[in-house]
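These notes concern the structure reproduced below.
2 protein chains.
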Amino acid sequence: MYYGAIEAGGTKFVCAVSRNGVDIEERTSIPTTTPEETLKHVFAFFDSYTLISMGIGSFGPIDVNKDSGTYGFITSTPKPGWGFFDFLGEIKSRYNVPTAWTTDVNASAYGEFRKGGGQKSGSCVYLTVGTGIGGGAVVDGKVLEGFGHPEMGHILVRRHPEDDYEGNCPYHADCLEGMAAGPAIEKRHGYKAGTLAGDEKVWGMEAYYIAQALVQYTLILRPEVFILGGGVMKQNQLFPLIRTEYQRLLNNYVETPAPETMITAPALGDDAAITGCLLLAEEAEVQLP
Amino acid sequence: MYYGAIEAGGTKFVCAVSRNGVDIEERTSIPTTTPEETLKHVFAFFDSYTLISMGIGSFGPIDVNKDSGTYGFITSTPKPGWGFFDFLGEIKSRYNVPTAWTTDVNASAYGEFRKGGGQKSGSCVYLTVGTGIGGGAVVDGKVLEGFGHPEMGHILVRRHPEDDYEGNCPYHADCLEGMAAGPAIEKRHGYKAGTLAGDEKVWGMEAYYIAQALVQYTLILRPEVFILGGGVMKQNQLFPLIRTEYQRLLNNYVETPAPETMITAPALGDDAAITGCLLLAEEAEVQLP
Ligand SMILES: Nc1ncnc2c1ncn2[C@@H]1O[C@H](COP(=O)(O)OP(=O)(O)O)[C@@H](O)[C@H]1O
Ligand SMILES: Nc1ncnc2c1ncn2[C@@H]1O[C@H](COP(=O)(O)OP(=O)(O)O)[C@@H](O)[C@H]1O
Ligand SMILES: [Zn+2]
Ligand SMILES: [Zn+2]
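These protein sequences, in sequence, are chains C and Z. Its first residue numbered 3, the first sequence is counted upward by one per residue in our numbering. Its first residue numbered 3, the second sequence is counted upward by one per residue in our numbering.
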């Protein structure tokens with residue numbers, strides 16, 4: 003009997019099974035194409051296991067409101083074929099087992115909270131800075147959701163005084179994602195983000211935006227740990243810059259753990275989300291399907 | 003046998019008792035002077051009742067971390083005599099009953115959530131805009147706290163393009179409180195806020211700042227209801243201005259309840275906090291002292 007987990011990303015799906023909810027026994031990675039084709043491969047993977055329950059962390063936006071008629075759907079994504087796709091429904095009609103359903107970043111936050119950098123903390127926020135910016139939080143041991151799931155990547159930020167890039171969020175232009183996700187860096191500076199490693203101005207600006215976000219999350223949620231992942235955070239020099247800028251902006255207004263331990267890369271590396279999905283699957287077992 | 007409640011404000015303390023945790027049987031209001039004098043009156047009120055438990059919602063910052071050596075203290079307040087005062091300790095050594103200890107705004111949020119404007123919701127945020135700006139949240143039926151309590155009033159905001167007021171937060175200058183609390187309005191415009199009712203520019207600017215805050219809270223917490231209280235919100239014309247600005251800034255990025263029902267004044271009026279304290283007292287009864 004196996005716990006199943008799906009990390010459903012916009013670029014690839016990772017599927018995994020585990021007997022104890024922690025150690026991954028088998029996994030596969032599937033490119034995200036159409037829902038039909040992608041799910042065909044997902045089913046091919048899971049069909050050979052007897053499943054106890056499943057945990058799914060999906061790219062979004064998704065409907066997490068259990069009272070809603072579109073609960074379990076991926077909603078208004080521009081991704082061809084996936085808009086208002088009943089993802090959870092497809093999984094449940096194939097495998098009649100209890101499921102957990104949340105965002106990929108919530109799953110990452112939960113994985114890090116239970117088995118990674120958040121293990122010793124009471125609450126944590128996971129932020130991915132990649133093609134987009136997304137965040138998830140664990141508060142009081144539970145994934146944070148309200149009327150829907152958070153969209154922490156779209157908060158308003160103050161423009162850096164030397165920044166005249168207009169921003170590229172189609173909804174808000176110069177929100178956090180519009181100013182600081184990978185594509186914004188590349189459009190602003192005209193080069194692939196990975197090739198700009200030596201340019202201090204680029205990363206100073208980037209740190210300014212990310213630190214602002216962490217200050218807002220701190221004042222609203224008071225997490226003990228921030229885990230920063232995603233392609234842009236491969237630039238390790240960002241971490242000390244973000245910590246310094248965070249302290250400058252917060253100006254000791256509230257007590258926090260030491261920034262060196264508070265603001266870190268994912269301890270689980272690329273396995274944060276799939277680990278979170280497995281743990282959520284394990285918990286779904288004891289709940290109603 | 004009575005539940006006791008203390009709403010401890012910087013200007014006045016409200017004390018109340020209730021037999022059922024809802025209906026207030028007796029209450030008193032005490033000016034906040036020194037801790038010794040204020041508590042003398044508090045004790046005089048409660049000494050005539052046999053208490054089951056007590057709920058306290060205090061002005062802050064306060065220490066809410068149960069593992070801390072200063073748990074139950076009012077911490078770094080500039081208020082003479084109250085800095086690092088062991089408030090909860092004094093109460094517990096006088097009345098050896100279970101206690102609940104949180105901020106005044108968390109108590110207000112909880113009161114509104116259970117008995118006021120948040121009753122039909124899954125989560126709510128209470129924001130007071132007065133001498134300062136403070137916020138509390140109820141998520142999943144529980145008061146939100148992490149490494150400490152939120153300080154939602156000090157989030158960063160974007161400056162209004164026509165605003166050249168430098169801001170008066172001693173920590174951040176132009177944070178939300180520094181730009182939009184009552185004293186900021188009065189210093190910026192040179193008049194008592196209550197006398198500026200007819201000045202459209204004043205309230206347009208104010209709504210811009212408050213709406214920004216609500217957008218940030220929405221994207222991070224996804225509350226179903228916002229309750230806006232405090233002296234500044236007596237300007238009722240602010241509500242529609244805030245709703246319009248909120249929708250403009252959020253730009254439909256996430257689904258929300260209709261702004262008319264989502265963004266409202268406290269249904270319990272000035273009783274939000276004391277009601278929350280009583281309800282928290284009732285819950286403290288079943289927990290360890
Ligand atoms: N080494 C790197 N340094 C800086 N930026 C990078 C690096 N690698 C990828 N990126 C940026 O991260 C983005 C991809 O983010 P990633 O988290 O890998 O994928 P996704 O967000 O699509 O899941 C790219 O748009 C690129 O701008
Ligand atoms: N009718 C009013 N209109 C606008 N602002 C007001 C009004 N009454 C009070 N205020 C503002 O609210 C502030 C007091 O806030 P209040 O919530 O009453 O008290 P506190 O925050 O001290 O508990 C004052 O500084 C004043 O600027
Ligand atoms: Zn945006
Ligand atoms: Zn401030």
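From the three backbone atoms N, C-alpha and C, an ideal C-beta is built for every residue, glycine too.
Can you find a heavy atom of ligand 3 that lies under 6 Å from the Cβ of residue i?
i	result
E179 of chain C	yes
C171 of chain C	yes
H191 of chain Z	no
H174 of chain C	yes
H162 of chain C	no
H156 of chain C	yes
So, with DSSP's three-state summary, where would you put residue i?
i	result
E179 of chain C	helix
P291 of chain Z	Interpretation of P291 of chain Z is limited by its pLDDT of 45, a score under 50 that renders its predicted location unreliable; the figure taken from the coordinates is listed afterwards. In the structure shown, P291 of chain Z sits in coil (DSSP, three-state: anything other than H, G, I, E or B).
G270 of chain Z	Going by the sequence as given, residue 270 of chain Z is Leu instead of Gly. Coil.
K122 of chain C	coil
P33 of chain Z	strand
T277 of chain Z	helix
M56 of chain Z	strand
Y167 of chain C	coil
I8 of chain Z	strand
A260 of chain C	coil
Q249 of chain Z	helix
E28 of chain C	strand
K14 of chain C	strand
M66 of chain C	Note on residue identity: the sequence assigns Val, not Met, to residue 66 of chain C. V66 of chain C falls in the coil class under three-state DSSP.
K144 of chain C	strand
I244 of chain C	helix
G155 of chain C	helix
G74 of chain C	coil
G83 of chain C	coil
At a threshold of 6 Å, does residue i count as lining ligand 4 (C-beta to nearest heavy atom)?
i	result
R151 of chain Z	The sequence given here places His at residue 151 of chain Z; Arg does not occur at that position. H151 of chain Z Cβ: outside cutoff for every heavy atom of ligand 4.
What residues in its chain sit with their C-beta under 7 Å from that of residue i, if we drop five residues either side in the sequence?
i	result
T52 of chain Z	M3, Y4
E285 of chain C	A102
L243 of chain Z	W205, G206, A209
V44 of chain C	I8, F15, C17, I32
Is residue i close to ligand 1? I mean its beta-carbon at under 6 Å from any heavy atom of the ligand.
i	result
Q239 of chain Z	no
V234 of chain C	yes
G148 of chain Z	no
G196 of chain C	yes
T77 of chain Z	no
So which residues on chain Z does residue i lean against when the C-beta distance must stay under 8 Å?
i	result
E226 of chain C	G148, F149
L223 of chain C	L146, G148, P152, I222, L223
E114 of chain C	What E114 of chain C touches in chain Z: nothing, since even the nearest Cβ is about 15 Å away.
What does residue i touch in chain C if you count any residue whose Cβ is under 8 Å from its own?
i	result
Q121 of chain Z	What Q121 of chain Z touches in chain C: nothing, since even the nearest Cβ is about 15 Å away.
S125 of chain Z	G148, F149
T40 of chain Z	What T40 of chain Z touches in chain C: nothing, since even the nearest Cβ is about 25 Å away.
I157 of chain Z	V217, Q218, L221, I222
V141 of chain Z	V141, L146, G148
Please list, in chain order, all residues of the same chain as residue i whose beta carbon is under 8 Å from its beta carbon, the five residues on each side excluded.
i	result
V1 of chain C	What is shown of chain C runs 3 to 291, which leaves residue 1 of chain C out entirely.
G148 of chain Z	none
A199 of chain Z	Q237, Q239
D201 of chain Z	H191
What in chain Z is Cβ-close to residue i, meaning under 9 Å?
i	result
Y210 of chain C	In chain order: nothing, as chain Z lies at least about 11 Å away.
P259 of chain C	F149
V131 of chain C	The premise fails here: V131 of chain C is roughly 16 Å from chain Z at the closest Cβ pair, so nothing lies under 9 Å.
Could you list which residues in chain C have their beta carbon closer than 9 Å to that of residue i, in chain order?
i	result
H162 of chain Z	The premise fails here: H162 of chain Z is roughly 12 Å from chain C at the closest Cβ pair, so nothing lies under 9 Å.
Quick one: what's got a C-beta closer than 6 Å to residue i's C-beta in the same chain, skipping five residues either side?
i	result
T79 of chain C	G85
F115 of chain Z	C126, V140
P291 of chain C	In this prediction, P291 of chain C scores a pLDDT of 45, lower than 50, which makes its location untrustworthy; the coordinate-derived value is nonetheless stated afterwards. Answer for P291 of chain C: P100, listed in chain order.
C171 of chain Z	C177, E179, G180
F75 of chain Z	D65, F86, D88
G136 of chain Z	V107, T130, G155
Residues of chain C with a CB under 7 Å from the CB of residue i: which are they?
i	result
Y173 of chain Z	N253, Y255
D25 of chain Z	In chain order: nothing, as chain C lies at least about 30 Å away.
Quick one: is the Cβ of residue i within less than 6 Å of any heavy atom of ligand 2?
i	result
G132 of chain Z	yes
G184 of chain C	no
T13 of chain Z	yes
Alpha helix (DSSP H) runs wholly inside the stretch 183-221 of chain C, at least 4 long, in chain order: 184-191
Mind listing which residues of the stretch 232-255 of chain C have their C-beta closer than 9 Å to chain D's C-betas, in chain order? Although the question refers to chain D, the structure presented lacks it and instead comprises the protein chains C and Z.
What are the uninterrupted segments assigned as alpha helix (DSSP H) that are 4 or more residues long and contained completely in the stretch 88-121 of chain C, given in chain order? 89-96, 106-117
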